[in-house]
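K.L.:
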Amino acid sequence: MYTPSAFAVTDVATLHDFLERHSFATLVTRHADGRMVASHIPLLLVRDGSPFGRLEGHVARPNNQWRDVAGEALAIFTGPHAYVSPRWYDAEGVVPTWNYTAVHASGPLETVTDAAELREMLRRALDTYERGGDAPWTLERSGEVVDKLLKGIVGLRIPVARIEGKWKLSQNHPPERQERVIAALEAQGDAAAAAVAALMRANFARE
0 MYTPSAFAVT DVATLHDFLE RHSFATLVTR HADGRMVASH IPLLLVRDGS PFGRLEGHVA
60 RPNNQWRDVA GEALAIFTGP HAYVSPRWYD AEGVVPTWNY TAVHASGPLE TVTDAAELRE
120 MLRRALDTYE RGGDAPWTLE RSGEVVDKLL KGIVGLRIPV ARIEGKWKLS QNHPPERQER
180 VIAALEAQGD AAAAAVAALM RANFARE
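Just so it is clear: in the sequence shown, position 74 is 73 by numbering that gives the first Met the number 0, and no numbers are missing.
Right under this line is the structure:
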């Protein structure tokens with residue numbers, strides 16, 4: 000990922016928090032026959048004591064992405080993003096752009112087919128995604144359906160070897176321009192634009 004220094008985020012705790020908030024990822028792999036394959040799946044961050052943690056997820060067994068992987072897997076996580084108009088800068092010599100946040104995590108792809116391991120992976124995911132809900136769903140409530148499901152999926156595990164983050168939030172512009180962009184995004188009445196404005200404001204406050 001091309002990341003100018005002004006946009007780079009290197010704090011691992013910050014990147015981990017991002018992965019937990021935006022866990023629906025694009026998983027990209029290269030295969031022995033040269034194909035590039037991508038799947039869109041939730042990948043759960045497990046903070047296992049290693050420097051960057053590991054990612055866990057699963058695909059349907061007929062999805063051949065888990066077979067014959069050559070090299071490392073790349074998981075791409077994206078957060079809020081929004082168009083930024085040069086009109087908002089109130090300056091000459093500026094161009095349209097896009098503000099966004101993204102994290103790339105890569106490492107070797109390991110497959111999990113053991114039923115007991117798969118069950119624990121699903122349990123961790125349910126405990127995470129059902130947390131805070133009324134009467135959270137559990138594997139036990141699924142009964143025999145889970146046993147049938149386990150036969151139709153393959154677990155994926157990625158010990159993260161590298162992680163990089165990019166917060167492109169107009170940091171390369173003077174503070175007064177950043178403030179104008181924030182105000183314009185807040186005025187859009189759009190949830191994504193408002194989320195980018197909030198990120199910009201939080202980042203602006205830290206500078």
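Positions of the beta carbon are idealized from the N, C-alpha and C atoms, including for glycine. Keep in mind that this is a model prediction, so the values were computed, not measured.
Taking only the alpha-carbon atoms, compute the straight-line gap between L117 and L149 and give it to the nearest angstrom.
P.N.:
For L117 and L149, the gap between their C-alpha atoms comes out near 7 Å.
K.L.:
Closest to A90 by C-alpha separation, out of R179, L121, A115 and A191, would be which residue?
P.N.:
R179
K.L.:
Where DSSP assigns a beta bridge to N98, which residues make up the other side?
P.N.:
A81
K.L.:
On the three-state DSSP scale, how would you describe V180?
P.N.:
If DSSP states are grouped into helix, strand and coil, V180 belongs with the helices.
K.L.:
Smallest Cα separation from D146: which of E55, L121, G131 and E129?
P.N.:
L121
K.L.:
Counting only the same chain and skipping the five closest in sequence on each side, list residues whose C-beta sits under 8 Å from that of E185.
P.N.:
Residues of the same chain with a CB within less than 8 Å of the CB of E185, apart from the 5 flanking positions on each side, are A192, A193 and A196 in chain order.
K.L.:
How long is the line joining the alpha carbons of M100 and W166, rounded to whole angstroms?
P.N.:
A quick correction: the sequence has Thr, not Met, at residue 100. A straight-line Cα-Cα distance of about 5 Å links T100 and W166.
K.L.:
Please go through the same chain and pick out, in chain order, the residues whose beta-carbon is closer than 7 Å to the beta-carbon of T127, but skip the five residues on each side of it.
P.N.:
Once the five neighbours on either side are set aside, the close Cβ partners of T127 are L43.
K.L.:
Could you check which residue in A81, V58, P107 and A7 has the C-alpha nearest to that of G52?
P.N.:
Looking from the CA of G52, the closest CA among A81, V58, P107 and A7 belongs to P107.
K.L.:
Check whether the Cβ atoms of H103 and E163 lie closer than 8 Å to each other.
P.N.:
yes
K.L.:
Near W136, what residues of its chain come up, given a Cβ to Cβ distance below 8 Å and the 5 sequence neighbours on each side ignored?
P.N.:
For W136, where only same-chain residues beyond five positions count, the Cβ hits under 8 Å are L125 and E129.
K.L.:
Any idea which residues DSSP pairs F211 with across the strands?
P.N.:
Nothing about residue 211 can be read from this structure; the chain reaches only from 0 to 206.
K.L.:
Count the other CB atoms, across all protein chains shown, that sit within 10 Å of the CB of S105; report buried if there are 16 or more and exposed otherwise.
P.N.:
Buried is the call here.
K.L.:
Using only the alpha-carbon positions, how far apart do E119 and P61 sit?
P.N.:
21 Å
K.L.:
Run through the region 102-154 for me and flag every whole alpha helix (DSSP H) of 4 or more residues, listed as ranges in chain order.
P.N.:
114-128, 138-141 and 143-150
K.L.:
Of all the options T112, S169, V144 and R161, which has the alpha carbon lying nearest to the alpha carbon of G154?
P.N.:
T112
K.L.:
DSSP three-state label for F51, please.
P.N.:
coil
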